[in-house]
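Beneath this line is the structure, given in structure tokens, with notes to follow.
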Amino acid sequence: MARAHNSSRGFTLMELMISAAIGSVLIVMAADLFSRAMKASWITSQKSELQQDFRAASNILQRDISMAGAGSLGQQGLSTSSVGLPASTGTLPVYPCSGLTTCNYINGAPVAYPTASGAPTVPFLYSIIPGPNLGITINAAQGATDIITIVSADVSLALNCYTSSINAAGTVVTFQLPSPLPSTCILPTGVAAPQALNAAVIGLQQGDLILWGTNAVGVVTSVVTTCAPTGTNTACYTVDFAATDPGHINQPGAVTGSLKQFVGSGAPASTAIPVSAVRLLAVTYYLAIPPATGLPTLMRLQSGRAPAPVAENVVYLKFSYDVYDAGVVDANQSSMPAGTNPGMITKVNILHMSMRSQQAKYQGIGYQGLDLQTSIAARNLTSQQEYPISGSSY
Amino acid sequence: MELGAIMKIKRAASSRKIDQSGFSLIETMFAMVLLAVGMLATLASLGYAIGANQTSQEDMLARQLASEAMESIFNARNTSQLGFASINNTTASPPGVFLPNAQSPKCAGPDGILDTADDVACLTAAGAECPNAGIECLTEPGPDGIMGTADDVVVSLENFTRTITITPLLENGTTVPTLVLVTITINYTVPNHAGTKSYVLEEEISSYH
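Quick mapping for you: the protein sequence lines, in order, are chains B and V. Anchor point for the first sequence: position 378 equals 378 in our numbering, and the numbering is continuous, going up by one each time. So our numbering is basically just the index in the second sequence, starting at one, shifted up by 394.
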């Protein structure tokens, strides 16, 4: 009987206390471990998201910079790196503008185009337009951020297959597709005709910059409309270049640089433009804080179209430039040294593109951060430095 | 009471005692060790995931360091700033401009070309010289996510080295005079990751532009 009683006895108080103590220590350790694991996984998720955003943003930025001056700016001869803009009416063209009413994307004010040394009143559309300290200031102690504009020719739209003519006022251009196509119109194998100019994606849109020849730039100010083709032409489009664009690119009153230069003497109702046209892509990168998110965002603005966000949480953006002028190297310049112009830029250095992670705080951990520093050679701009070759054995 | 009845009760009592005995201490310890090993394996995989994430950041920086040096070489060639014979290591004959062996990444000097004798100390976003005698450094906004505040984090790339090696190319045993191979090797260590990692970028560069 005594044995049976012994086998069914419970824990003593002492045993219970000890096991409870050991159990609670274990639970505390497990909770601590869990908390650490949660913190680590939060950091990991923030960092991986940051890296993903960062890689996407730096890829698109580097790709655009490497395209500076590509396409027709070089192909059509003359200066490989710049196009003179109309300004003789006293109104200087400004950038970066969008649509038809706004030119205030950066610090609420437009920026004047740079002018070449020796011709201070002629603004130029250079293939790279530096914008030192022209961006927003996110923190006064750090100072203003930079902007950068890269110009290249868009050869994906075969605008050079069309012939163009202009009205007497120099504000409306009619594009017609001739048949047969001109010899300069080279299309991919199997493609019979170039894209329609009113095509939804590839076609001309309000705000697009068009370059004729080497020194006439206009900005599209309306939706492209169709018209009846004349003679043997197979398609006809009417495009407005009204003098109301906020960037003051369309200046029919200007003697040089404007489309008015193509209007024949006596101002006939329609004058054929003797040179072919190409669409320019002027891409501006800048930081902005859109009210919708309140987050500092890297923005990409293509010509006069609506700006598009590239990456959120970019908190700093700085560039420097290597300038090469007939054997003299000015490396790491934040702005153009005296006697040089942006057409002499041969390398763009991204000094800082600093990003932070999406979420701010978690159990005492702050933002994660990342910074981009790299260089991109302006491949299409170095060609003007190549001839004559100096100091080289080849 | 009969003797037989007593025996019956005793047998029943002893069999109940066997039923009620729990795990022995040894058995419990054994189970706990097994559980601990399993949990450690889970924790190790978590640590590995975090480590891999850390490594991917350094991998990305290595690519940047390699590509910026390659861009500077091609740029100097394109502008004829650098004669083709100068695209060589300083130890070559005739000597070129690129320092041999592994170099801590510095910033390009007046020539705009990296890993040459005129390289200068790098600066932080605040304009101060980078730590470790000006080895290239990144400036991150820190826990508050704002640049220019006291908690900005300056990350020195002291755990990176860059080696630019120029080697002639051979065709049928003869050196090709108009083509060399540029090899840029980035060696780097990653915290909590044993050994040195490498990123190698190779490109051939021609004397023709």
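Even glycine gets a Cβ: it sits at the ideal position worked out from N, Cα and C. Treat the numbers as computed from the prediction; the structure is a model and nothing was measured.
Is there a C-beta anywhere in chain B that falls below 8 Å from the one on residue i?
i, result
"V:A443", "yes"
"V:G542", "yes"
"V:M395", "Below a pLDDT of 50, predicted positions are generally treated as unreliable, and V:M395, at 48, falls in that range; no measurement from the model is reported."
"V:N581", "no"
"V:D513", "no"
"V:T533", "yes"
"V:D509", "no"
"V:P563", "A quick correction: the sequence has Leu, not Pro, at residue 563 of chain V. With 8 Å as the cut-off, V:L563 does not count as an interface residue toward chain B."
"V:E523", "no"
"V:L428", "no"
"V:P585", "no"
"V:A422", "For the sequence presented, residue 422 of chain V should be read as Thr rather than Ala. Chain B contact via Cβ: absent."
"V:L440", "yes"
"V:G536", "yes"
"V:A386", "Since the first residue shown for chain V is 395 and the last is 603, residue 386 of chain V is missing from the structure and cannot be characterised."
"V:P494", "no"
Comparing alpha-carbon positions, which option in the options lies nearest residue i?
i, options, result
"V:V598", "V:T422, V:F478 and V:N553", "Note that residue 598 of chain V is Glu in the sequence shown here, rather than Val. With distances taken between Cα atoms, V:E598 lies closest to V:F478."
"B:P188", "B:G170, B:P178 and B:A158", "B:A158"
"B:N167", "B:G266, B:D154 and B:L85", "B:G266"
"V:G536", "B:L33, B:G369 and B:G218", "B:G369"
"V:T473", "B:M344, B:A308, B:Q363 and B:V310", "B:M344"
"B:C185", "B:I27, B:S276, B:I43 and B:S41", "B:S276"
"V:S466", "V:V548, V:I507 and V:L434", "V:I507"
"B:R379", "B:G69, B:R55 and B:S45", "B:G69"
"B:A169", "B:V263, B:N104 and B:G71", "B:V263"
"B:K397", "B:N198, B:R356 and B:Y362", "What is shown of chain B runs 1 to 394, which leaves residue 397 of chain B out entirely."
"B:I249", "B:V94, B:V28, B:A56 and B:A30", "B:V94"
"B:A140", "B:Y362, B:Y316, B:S354 and B:G327", "B:Y316"
"V:M464", "V:T572, V:V570, V:T569 and V:T559", "V:T559"
"V:H603", "B:G253, B:T382, B:S375 and B:Q52", "B:T382"
"V:R556", "V:D546, V:S415 and V:N581", "V:N581"
"B:P180", "B:T174, B:G253 and B:A192", "B:A192"
"V:T579", "V:D505, V:P489, V:V491 and V:L455", "V:L455"
"B:P182", "B:E15, B:V201 and B:C161", "B:C161"
"B:L281", "B:R55, B:I22, B:F11 and B:T149", "B:T149"
Going along the chain, which residues of its own chain have a beta-carbon closer than 7 Å to the beta-carbon of residue i, five neighbours each way excluded?
i, result
"B:S334", "P132 and S320"
"V:V584", "Q448, T449, E452 and K591"
"V:L493", "T484, D509, T510 and A511"
"B:E49", "S357 and Q358"
"V:A502", "S466, L508 and D513"
Please report whether the beta-carbon of residue i lies at a distance below 8 Å from any beta-carbon of chain V.
i, result
"B:T44", "yes"
"B:V25", "no"
"B:K39", "no"
"B:A141", "yes"
"B:Y286", "no"
"B:L280", "no"
"B:I166", "no"
"B:N133", "no"
"B:Q363", "no"
"B:V315", "yes"
"B:L298", "no"
"B:Y126", "no"
"B:I202", "no"
Report all residues from its chain with a CB closer than 6 Å to the CB of residue i; omit the five preceding and five following residues, and keep chain order.
i, result
"V:E530", "P499, C516 and L551"
"B:T340", "V323 and D325"
"V:S596", "Looking at the sequence provided, one finds Glu at residue 596 of chain V rather than Ser. Closer than 6 Å at the Cβ level, and outside the excluded window around V:E596, lie T577."
"B:L78", "The predicted position of B:L78 is uncertain, since its pLDDT is 37 and thus under 50; a value taken from the coordinates is nonetheless stated next. Result list for B:L78: T214, in chain order."
"B:A377", "K347"
Who are the near neighbours of residue i in its chain, counting only those whose CB is closer than 8 Å to its CB and skipping five residues on each side?
i, result
"B:I365", "K39, W42 and I43"
"V:P571", "S601"
"B:L85", "P93, Y113, V122, P123, F124, L125, V217, I249 and G257"
Are the C-beta of residue i and some C-beta of chain D separated by less than 8 Å?
i, result
"B:V255", "Among the chains of the structure shown, chain D does not appear; the protein chains present are B and V."
Contact between the stretch 199 to 213 of chain B and the stretch 301 to 308 of chain B (3+ Cβ pairs under 8 Å) | yes
Give, in chain order, every residue of the stretch 449 to 467 of chain V whose Cβ lies closer than 7 Å to some Cβ of chain B.
-> S450, Q451, M454, Q458, S461, E462, E465 and S466
Between the stretch 476 to 491 of chain V and chain B, which residues of the former have CB atoms less than 7 Å from a CB of the latter, in chain order?
-> G477, F478 and A479
Are there three or more Cβ pairs, one per stretch, closer than 8 Å when the stretch 283 to 295 of chain B is compared with the stretch 224 to 243 of chain B?
-> no
Are the stretch 556 to 575 of chain V and the stretch 420 to 439 of chain V touching by the rule of at least three beta carbon pairs closer than 8 Å?
-> no
Could you tell me whether the stretch 131 to 148 of chain B touches the stretch 214 to 221 of chain B, using the rule of 3 or more Cβ pairs below 8 Å?
-> no
Residues of the stretch 547 to 559 of chain V with Cβ closer than 8 Å to any Cβ of chain B, in chain order | V547 and V549
Pair every Cβ in the stretch 50 to 59 of chain B with every Cβ in the stretch 106 to 113 of chain B, then say whether three or more of these pairs are closer than 8 Å.
-> no
What are the residues of the stretch 239 to 255 of chain B that lie near chain V, defined by any Cβ-Cβ distance shorter than 7 Å?
-> none
Taking a cut of 7 Å between CB atoms, which residues from the stretch 328 to 350 of chain B lie near chain V?
-> V329, A331, N332, T346 and K347
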